[in-house]
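**Q**
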Amino acid sequence: MKTACIESRGSLGGTCLNVGCIPSKSLLNLSEEFQKVKHLSNKGIEIGEVKLNLSKMMKSKDKAVTILTKGVEFLLKKNKVTYFKGFGSFKSKNQISITNDQNKEILIETEKTIIATGSLPVSLPGVQFDEKTIVSSTGALKLEQVPKKMVVVGGGYIGLEMGSVWSRLGAEVHVVEFLDHITPGMDSEISNEFMKILKKQGIKFHMQHKVEGIKKNKLGAVVATSDKEGNKKDFECNVVLISVGRKPNTQGLNLEKMGVNLDEKKRIKTDKNFKTSLENIYAIGDVIDGPMLAHKAEDEGIAVAENIAGQSGHVNYDTIPGVVYTTPEVASIGKTEEQLKKLEIKYKIGKFSFMANSRAKAIDDAEGFVKILADAKTDKVLGAHLIGPHAGELIAEIGIAMEFGASSEDIARTCHAHPTFSEAVKEAALSVEKRAIHS
Ligand code: NAD
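Residues 210 to 648 in the working numbering are what the sequence shown spells out, letter by letter.
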């Protein structure tokens, strides 16, 4: 097909590459190195005083972003996709206007269109991001100084990742969360363990606290909260990160006039082939239903292209992994225990602690565990939840197992190299039938 991509940011790769996954992973890695190196003398490696050069660290992060976004530009060229730099808006179902940053408009004709305009950070009522004192994830990725005190509103993916970065670099981080647990939707055993570990790392949690308002002052800002008993507490801080979720980005596309239907959460409604209410217009990623994850959007992009080309594109929503890139990492796939209970599906649990994994012990990185949920009757793997070293990589093995309809015994009988972290997955699978070797 003859294809074109319209992008208004001036740089390709969307939220993920520009202001999301990639810059945050760069800072997560660098801040972890900073923290690790400070403690190496305990292990016999003396390197003297360790100092932070934040602007150099930020440059290193920006370099990673530039390399990757330029890489995407190169790939578009290589694959003969025309790249239009500008803001796209539907004129009709076969015509899109593109306005560039000089306000020049051109019109292109199209047979089929895929909307993949992503999502935007949500703020709190009456609170505006200035991206310096009151920041979204975008501002939290480019602070010029380490704040003395940072309040993070919302204990989800962004709050905990960016809270970890700034805590490791020296900030006192307070997470104010509306619910009684962090990372809603995650298996609760993992979520509880996760909070315990983050507390040990120095992050302070204020659960069941509602934010009533945020006002800027000389120092930075004051976050007014009340707890579930109605007790009021103000948090004075230098920077507030608001990470209470993201909303679909459909503004300016002219969808209402075109007759493209949205759902109650303002997401674009699609059928199972990603078709909107208009025959030749499709939508994928954060603008439609489902987890707001880059890899979910990527798989939908491939499936929709296959469908448009007359093939049978398909996404298996039961096997989309979720990873929080903190230390340790947290990863999950498939159903949680809470979901299985709700669905009245009988299940068995296999669990194995990294404390009994030789590789993890050898490198003194043995926090966390692997939990596998399997069908009580058929032994088919229904879900897996991990907290521990390299959990985000280990989850891929379970994803493949689930795609092939494997049982926990299939994983348990697969030879895993020794000594590796992946042996903890094998042992958790063995533990489903109470046959773990090292526990
Ligand atoms: P989130 O949905 O992960 O978490 C939001 C948190 O804010 C929840 O715990 C919620 O209970 C809490 N909350 C909501 N309103 C509140 C209020 N008024 N006061 C206090 N707490 C409140 O959202 P996020 O962290 O902003 O992330 C946005 C999206 O980006 C998510 O869909 C996430 O999946 C995605 N993301 C993924 C990754 C990753 O894959 N590693 C990283 C970053 C972001």
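Positions of the beta carbon are idealized from the N, C-alpha and C atoms, including for glycine.
Tell whether a beta-carbon distance below 8 Å holds between Val432 and Val453.
**A** Contact: no.
**Q** Give me the Cβ distance between Phe563 and Pro598, rounded to the nearest whole Å; I'm assuming they're in contact under 8 Å.
**A** Right, the Cβ-Cβ distance comes to about 7 Å (below 8 Å), so this counts as a contact.
**Q** If you compare alpha carbons, which of Met267, Val384 and Glu636 is closest to Ser239?
**A** Checking the sequence shown, residue 239 turns out to be Leu, not Ser. Of the listed residues, the one whose Cα sits closest to Leu239 is Met267.
**Q** With Gly363 and Glu386 assumed to form a contact (beta carbons below 8 Å), what rounded beta-carbon distance in angstroms separates them?
**A** Correct: roughly 7 Å between the Cβ atoms.
**Q** Grab the span of the alpha helix (DSSP H) containing His504 for me, first residue to last.
**A** Ala503 to Ile517 is the extent of the alpha helix (DSSP H) around His504.
**Q** Kindly provide the ranges of any alpha helix (DSSP H) runs that are 4 or more residues long and lie completely inside the region 221 to 283, ordered along the chain.
**A** Entirely contained in the region 221 to 283, the alpha helix (DSSP H) runs reaching 4 residues are, in chain order, 223 to 228 and 230 to 247.
**Q** Return the bridge partner residues of His523 from the DSSP annotation.
**A** Answer is none; His523 lacks a bridge partner.
**Q** For Phe613, does the three-state DSSP call read helix, strand or coil?
**A** Three-state DSSP puts Phe613 in coil, outside helix and strand.
**Q** Going by the beta-carbon positions, is the gap between Phe299 and Asn482 smaller than 8 Å?
**A** The answer is no: Cβ separation not under 8 Å.
**Q** In the DSSP assignment, find the unbroken alpha helix (DSSP H) run with Arg568 in it and report its ends.
**A** Where Arg568 is concerned, the enclosing alpha helix (DSSP H) stretches over Ser567 to Ala571.
**Q** What did DSSP end up calling Arg455 once you bin it into helix, strand or coil?
**A** Three-state result, Arg455: strand.
**Q** Which runs of the alpha helix (DSSP H), 4 residues or longer, sit entirely within the region 409 to 485?
**A** You should have 464 to 467.
**Q** Given this structure, state the Cα-to-Cα distance separating Phe630 from Ile256, to the nearest angstrom.
**A** Looking at the two C-alpha atoms, the distance is approximately 29 Å.
**Q** Closer than 7 Å: is that where the CB of Met416 sits relative to any heavy atom of the ligand NAD?
**A** Result no, Cβ not under 7 Å from the ligand NAD.
**Q** Starting from the C-beta of Lys341, find all residues in its chain whose C-beta is less than 7 Å away, skip the five residues before and the five after it, and write them out in chain order.
**A** Gly348, listed in sequence order.
**Q** For Ala512, which option in Ala600, Lys484, Glu488 and Gly335 has the closest C-alpha, if you only look at C-alpha atoms?
**A** Comparing Cα-Cα distances from Ala512 to each of Ala600, Lys484, Glu488 and Gly335, the minimum goes to Lys484.
**Q** Who are the Cβ neighbours of Glu314 in its own chain at under 6 Å, not counting the five residues just before and after it?
**A** Ser306 and Thr308.
**Q** What does a CB cutoff of less than 6 Å around Thr479 pick up in its chain, not counting 5 residues either side in sequence?
**A** The answer, listed in chain order, is Thr485, Ala492 and Ile497.
**Q** Rounded to whole angstroms, what's the CA-CA distance from Lys408 to Glu353? Just pull it up for me.
**A** Cα to Cα, the separation comes out at about 26 Å.
**Q** What first and last residue would you give for the beta strand (DSSP E) that runs through Gln337?
**A** No beta strand (DSSP E) holds Gln337; DSSP gives it neither H nor E.
**Q** Measure the beta-carbon distance from Val361 to Gly379 and round it to whole angstroms, keeping in mind my assumption that it falls under 8 Å.
**A** Incorrect: roughly 15 Å between the Cβ atoms, too far for contact.
**Q** Kindly list the residues whose CB is nearer than 8 Å to the CB of His504, restricted to its own chain and excluding five residues on each side of it in sequence; keep chain order.
**A** Answer for His504: Ile529 and Pro530, listed in chain order.
**Q** Tell me which residues share the same chain as His523 and place their Cβ nearer than 8 Å to its Cβ, disregarding the 5 neighbours each side in the sequence.
**A** Closer than 8 Å at the Cβ level, and outside the excluded window around His523, lie Ala512.
**Q** Are the CB atoms of Lys456 and Ser328 nearer to each other than 8 Å?
**A** Yes, Cβ-Cβ distance for Lys456 and Ser328 is below 8 Å.
**Q** Should Val496 be counted as a contact of the ligand NAD given a C-beta to heavy atom distance under 7 Å?
**A** The answer is no for Val496.
**Q** Here's the rule: buried if 16 or more other CB atoms are within 10 angstroms of the residue's CB, otherwise exposed. What is Ala430?
**A** Ala430 should be labelled buried.
**Q** Compute the minimum distance between the beta carbon of Gly348 and the heavy atoms of the ligand NAD, and state whether it is under 7 Å.
**A** No - the ligand NAD has no heavy atom lying nearer than 7 Å to the Cβ of Gly348.
**Q** Would Lys580 be called buried (16 or more neighbouring beta carbons within 10 Å of its own) or exposed?
**A** Burial call: buried.
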